[in-house]
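*Asks:* So the numbering used here is basically just the index in the sequence shown, starting at one, shifted up by 218. C-beta atoms are modelled at their ideal positions from N, C-alpha and C, and glycine is treated no differently. Below you will find the structure I want to go over with you.
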Amino acid sequence: MRSHYKQAMDELALSPEAKGRIQDKLAYPQRRVRFRPAAVAAAAAAILVLGTSAMASGVFYHDVPAAIAQKLEPVQLSCTSQDITMTVQSATVENGVFRAYITMEDELDSERLAQGVEFYDFYKISTPYRANETISGYQALGYDEESGTYGFLIQVQAKDEDGRKLDLSKDKLTFSVQQLLLEQEETEPEFTLDWDALPDEAPAVRKYIFGRHLVEGRELPLAEDGTALILQPGVLNIPAADGAVITAAGFLDGVFHLQLHFDNAGPDDHGQLFLIGPDGEKVENCGAMYTREEDGSKYLDTLYDITREELSSCTLAGKFKMGGYLLEGDWKVTFTLTEEP
219 MRSHYKQAMD ELALSPEAKG RIQDKLAYPQ RRVRFRPAAV AAAAAAILVL
269 GTSAMASGVF YHDVPAAIAQ KLEPVQLSCT SQDITMTVQS ATVENGVFRA
319 YITMEDELDS ERLAQGVEFY DFYKISTPYR ANETISGYQA LGYDEESGTY
369 GFLIQVQAKD EDGRKLDLSK DKLTFSVQQL LLEQEETEPE FTLDWDALPD
419 EAPAVRKYIF GRHLVEGREL PLAEDGTALI LQPGVLNIPA ADGAVITAAG
469 FLDGVFHLQL HFDNAGPDDH GQLFLIGPDG EKVENCGAMY TREEDGSKYL
519 DTLYDITREE LSSCTLAGKF KMGGYLLEGD WKVTFTLTEE P
């Protein structure tokens with residue numbers, strides 16, 4: 219599943235800022251059409267019939283939005299693998315939308331979850347066989363030190379080939395995870411660049427663009443063969459994070475470019491640079507382009523509609539999630555949901 223997610227991130231034109239927000243917390247659901255075949259289950263699946271009319275209750279270790287929490291019904295079904303217990307604390311189905319509050323807890327009482335958890339490769343939510351399109355995603359709720367749990371909100375909606383929402387309450391719905399991404403290092407560095415030293419027309423090279431973001435009303439300088447001019451890497455060499463380097467900055471055809479290089483040594487290294495205006499607010503970019511190298515690394519050029527005078531009053535910052543490791547496991551819980559009108 220992660221491969222579909224990454225492909226969507228690179229090829230369905232999301233901005234670096236949007237990508238960062240989705241990694242940190244789901245700002246809007248991910249759209250998935252197909253899933254990889256599920257691995258053979260090693261743990262027994264728990265089955266529950268759940269209604270949505272009773273008063274919401276249950277255990278909440280994390281800051282679940284009130285509008286969602288009041289509709290959730292207690293479930294508290296668990297599955298343990300690799301000494302990490304996944305618990306579906308509560309769930310509901312309403313108007314064809316399934317939501318669940320899920321926690322992960324380390325039975326070894328170690329710090330494996332404290333730096334963050336991502337459902338990396340094989341996380342899957344089963345849907346009715348009639349489903350032609352599935353919109354699903356999760357929001358990370360962070361780590362709660364008192365309970366030692368990391369929390370998530372899961373949301374699923376399925377549609378048939380005519381775009382009609384399917385009634386998930388009539389089918390068993392299984393949430394399963396086969397990989398966790400643990401212990402990524404999150405940093406928010408700040409940088410000092412001499413804006414006056416940047417050229418009005420920076421050195422450039424033409425590269426094939428494999429991923430891009432375009433702000434409404436703007437056009438990226440793409441040729442018919444899918445190539446575009448990006449900054450010539452190597453003008454700068456400023457470490458941004460472990461595995462990420464600022465390799466160039468400057469103007470091309472009056473548009474300001476910032477360039478990052480990722481060596482992609484970690485399972486899911488990602489991050490972005492952003493300009494901070496004199497008011498302390500982020501300056502919105504007007505586009506971004508990704509290029510991929512033969513060694514698996516990639517460059518990210520982020521574009522800004524900003525003059526040199528405006529740039530002189532800006533500062534530069536970044537946000538990165540790098541490194542970490544994958545933990546293979548088999549976590550699975552199955553529900554039979556009932557929805558009342």
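List the whole-angstrom C-beta distance separating M507 from D523, where the pair is believed to meet the contact cut-off of C-beta under 8 angstroms.
*Replies:* Within the sequence shown, the letter at position 289 stands for residue 507. Within the sequence shown, the letter at position 305 stands for residue 523. In fact, because the Cβ distance is near 15 angstroms, the residues do not count as touching under 8 angstroms.
*Asks:* Report, in whole angstroms, the separation of the C-beta atoms of A466 and L449, which I expect to be a contact under 8 angstroms.
*Replies:* The residue labelled residue 466 in the question sits at position 248 within the sequence shown. The residue labelled residue 449 in the question sits at position 231 within the sequence shown. Indeed, because the Cβ distance is near 4 angstroms, the residues count as touching under 8 angstroms.
*Asks:* In chain order, what residues of the same chain have a beta carbon less than 6 angstroms from the beta carbon of E406, not counting five sequence neighbours either side?
*Replies:* Against the sequence shown, residue 406 aligns to sequence position 188. Cβ within range, chain order: K537.
*Asks:* Once DSSP output is grouped into helix, strand and coil, what is the label at I427?
*Replies:* In the sequence shown, counting from the first residue as 1, residue 427 sits at position 209. The answer is coil: DSSP assigns I427 none of H, G, I, E or B.
*Asks:* Distance, Cα to Cα, S296 vs V551?
*Replies:* Position 78 of the sequence shown, counted from the start, is the residue given in the question as residue 296. Position 333 of the sequence shown, counted from the start, is the residue given in the question as residue 551. Cα to Cα, the separation comes out at about 7 angstroms.
*Asks:* Since E528 is in the alpha helix (DSSP H), which residue starts that stretch and which ends it?
*Replies:* On the sequence shown, position 310 is the one that residue 528 refers to. 526 to 529 is the extent of the alpha helix (DSSP H) around E528.
*Asks:* Look up K550 in the DSSP assignment and give the residues it is bridged to.
*Replies:* Numbered from 1 along the sequence shown, position 332 holds the residue referred to as residue 550. Partner(s): S394.
*Asks:* Curious, which full-length alpha helix (DSSP H) runs of at least 4 residues does the region 481 to 533 contain?
*Replies:* Those alpha helix (DSSP H) runs which fall completely within the region 481 to 533 and span 4+ residues are 526 to 529.
*Asks:* Check D301 in the structure and name its three-state DSSP category.
*Replies:* In the sequence shown, the residue the question calls residue 301 occupies position 83. Correct three-state label for D301: coil.
*Asks:* Where do the ends of the beta strand (DSSP E) carrying A318 lie?
*Replies:* As a first step, residue 318 is located in the sequence shown; it is residue number 100 there, counting from the start. Start and end: 315 to 324.
*Asks:* According to DSSP, simplified to helix, strand and coil, what is D362?
*Replies:* Taking the first residue of the sequence shown as position 1, residue 362 is located at position 144. D362: strand per DSSP, three-state reduction.
*Asks:* Can you list the alpha helix (DSSP H) stretches of 4 or more residues lying completely in the region 418 to 471, in chain order?
*Replies:* For the region 418 to 471, not a single whole alpha helix (DSSP H) run of length 4 or above is found.
*Asks:* Quick check: the region 427 to 447 against the region 482 to 491, are there 3 or more CB pairs under 8 angstroms?
*Replies:* No, the region 427 to 447 is not in contact with the region 482 to 491.
*Asks:* Go ahead and label S344 buried or exposed: buried means 16 or more other beta carbons lie within 10 angstroms of its beta carbon, across all protein chains shown.
*Replies:* Here residue 344 refers to the residue found at position 126 when the sequence shown is read from its first residue. Classification of S344: buried, given that the 10 Å Cβ count is 16 or more.
*Asks:* T310 and I320: beta carbons closer than 9 angstroms?
*Replies:* Against the sequence shown, residue 310 aligns to sequence position 92. Against the sequence shown, residue 320 aligns to sequence position 102. No, the Cβ-Cβ distance between T310 and I320 is not below 9 angstroms.
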